[in-house]
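Numbering (this note's numbering), first residue to last: 867 to 1024.
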């Protein structure tokens, strides 16, 4: 799908960020990929982007953490469970595999959103004010915070 995503003139892109992981590591899930396949596909995607958009600065964006001790649902007070199942240990493994792939690709920057979330919410984030109950995303203030962190990452001198 890379050619379709880049459109009819891939040379127009100055910057491309990529993040795959939250769906690939979910289990059981029909999108789950074992780490060796995930790594191979990420290497392929990275190579295609470098070939099709050679002027673009590429950035890998780490997968954000999933809560090991999520806060209760603010509406119901009931415990939150990620569906489909995601484990923080898997996030760390997939991020490490991706870091190896992009290091081999050379010239690919890294925007560490995993650390951004951990710095804001704490590891496991029992009382995080931006966590989504039942999902791995960060709506509202979380999107804004991540957007600001991404802007800082891609605009700093590499």
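Just so it is clear, CB atoms sit at the ideal spot from N, CA and C, and this is done for glycine as well. Just so you know, these numbers come straight off a predicted model, no measurement behind them.
One or two residues paired with residue i in a DSSP bridge
i           : result
residue 923 : 881
residue 975 : 925
Residue j beta carbon less than 8 Å from that of residue i
i            : j            : result
residue 1009 : residue 951  : no
residue 928  : residue 979  : yes
residue 905  : residue 971  : no
residue 909  : residue 879  : no
residue 881  : residue 1020 : yes
residue 925  : residue 883  : yes
residue 900  : residue 997  : no
Element boundaries [alpha helix (DSSP H), containing residue i]
i            : result
residue 871  : 868-872
residue 1008 : 1007-1021
residue 908  : 901-918
Nearest-angstrom Cα separation, counted from residue j out to residue i
i            : j            : result
residue 1013 : residue 990  : 21 Å
residue 974  : residue 885  : 12 Å
residue 922  : residue 914  : 12 Å
residue 1016 : residue 898  : 26 Å
residue 888  : residue 957  : 8 Å
residue 942  : residue 1006 : 19 Å
residue 987  : residue 993  : 7 Å
residue 983  : residue 933  : 10 Å
residue 866  : residue 930  : Residue coverage of the chain in this structure runs from 867 to 1024, which leaves residue 866 outside it and unanswerable.
residue 977  : residue 945  : 31 Å
residue 985  : residue 1018 : 16 Å
residue 999  : residue 895  : 19 Å
residue 891  : residue 960  : 7 Å
residue 940  : residue 1001 : 14 Å
residue 1011 : residue 935  : 21 Å
task: May I have a chain-ordered list of the alpha helix (DSSP H) segments no shorter than 4 residues that lie completely inside the region 938-971?
output: Contiguous alpha helix (DSSP H) elements confined to the region 938-971 occur at 954-971, taking only those with 4 or more residues.
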